Structures are given as C-alpha cells and as structure tokens.
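J.: First residue of the sequence shown? That's 0 in numbering that gives the first Met the number 0, and the numbers climb one at a time after it.
Please read through the structure below; I'll follow up with questions.
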Amino acid sequence: MSFNAEGILAALRSRGLRITRSRRGIMQALFQASRPLSLTEIQGQALIEGGILPDYATVFRMMILLESMNIIHKVNLKRSCSYYELTDPSRHHDHLVCTDCGEVLLLSIPCPVGSAERLIEQQYGFTGLHHSLEFFGRCAACSARVNPAGGQQPFVAQPIAA
Ligand SMILES: [Zn+2]
Ligand SMILES: [Zn+2]
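Structure below.
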C-alpha cells in the first residue's frame, strides 16, 4: 500500500468498502491537514475537499477502521475530544501544544525519539513502530500576554517620599 490518498482508498476498496465522495473527501482532508484534526474538523474539511458533507457516523467509523489499519493514530492534545493524524513515517512530526490558547505547532526539529525507536525495533523485534509525541507549554504570544515584561516583575516599587 502506498501512503497517499489513492493508495489508502485502494486498500479500503480491497477490504470491500465502497469509495464514496465523502470517504474520498475524508481521506483528502487527512492528507491536506497541517495539524491533528478532530472528528468535527475532519467532517468540515471533507466538505471542502470532497464537496459533500459526510455524516458524523461515517467519519467516526472510517477513523476506527483507519486506526485499526495503522494508517492514522490519535494525538493527545489534552482536550475533551480525540484528534487524529496520519502515521506516515515520511511525514512524521512531533507536536508543540500551547495549554493556554490551544495552538498546535508541528515541530521542525528532528524527532527526538526516532533513534530510540530503531533501537527498540532491533532489541524487541517489533516492526512498524510509531509514536505520537506532544510537548505542552505556553506559546510565545500567551507568555507575553501573561507576563508583558518578559520575565521581569512588572511591579516597580516607588521610593518612599521623604
Ligand atoms: Zn498560546
Ligand atoms: Zn517523533
């Protein structure tokens, strides 16, 4: 199976799934995404990509199926709903999440645990190892809002008048 929208749709078809416009839209939404998406976001993006709004149950069932096939995985963003992204190793990114405003950035630095993953594969004989790594903190904009002086105490004591 090639890791692109057409390759995955072909794999789904060989499992007996009918490739409808909404399923194609869902797949395109996952490949267009620049960050992990919630079910509602996948639904909305599939409408833009496929020109048809898939019903929520269709999105949900497709995510379950794709997860069981190791094509997508859940990403923990410390929010109440689940977020999904593709597991494609060639597109692998770890995440930087702001706990104040919820912004999600994809890290451009090399994956800090990629070499550990290869060691684990060798030592434990696992194949197809993958992971989702999230760093949580306060983004630059939120930090500036919380502490505009940039780390210094904003309160400056006034000298007592003589
Ligand atoms: Zn923020
Ligand atoms: Zn990683």
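Just so it is clear, CB atoms sit at the ideal spot from N, CA and C, and this is done for glycine as well.
This one's a predicted model, so the numbers in the text were calculated from it and none came from an experiment.
1. Can you tell me whether glutamine 121 is buried or exposed? The criterion is at least 16 other CB atoms within 10 Å of its CB, across all chains shown.
2. Taking the alpha carbon of leucine 104 as the point to measure from, which residue in His94, Glu133, Cys110 and Ile25 has its own alpha carbon closest?
3. Which value, in whole angstroms, describes the spacing of the CA atoms of arginine 90 and glutamine 31?
4. From aspartate 87 to asparagine 69, what distance separates their C-alpha atoms?
5. For the 8 angstroms Cβ check, are there 3 or more pairs between the stretch 16-27 and the stretch 46-63?
6. Counting only runs that start and end within the stretch 56-82, where is the beta strand (DSSP E) found for 3 or more residues in a row?
7. Would glutamate 84 and proline 35 qualify as a contact pair, given that the criterion is a beta-carbon distance under 7 angstroms?
8. Is the beta carbon of aspartate 93 within less than 6 angstroms of some heavy atom of ligand 2?
9. For leucine 16, collect the residues of the same chain with a Cβ closer than 8 angstroms to its Cβ; drop the 5 residues on either side in sequence, then sort them by chain order.
10. Quick one: using the 10 Å Cβ neighbour count with 16 as the cut-off for buried, is leucine 118 buried or exposed?
11. By Cβ distance below 6 angstroms, which residues in the same chain neighbour serine 81 in space, the five residues on each side in sequence not counted?
T.: Looking at the coordinates:
1. It counts as exposed.
2. His94
3. 12 angstroms
4. 9 angstroms
5. Contact holds: three or more Cβ-Cβ distances are below 8 angstroms.
6. Counting only runs of at least 3 residues, the stretch 56-82 fully encloses the following beta strand (DSSP E) elements, listed from N- to C-terminal order: 71-74.
7. yes
8. yes
9. For leucine 16, same chain residues with a beta-carbon under 8 angstroms away, outside a window of 5 residues either side, are Arg22 and Leu64 in chain order.
10. exposed
11. For serine 81, where only same-chain residues beyond five positions count, the Cβ hits under 6 angstroms are Lys73.
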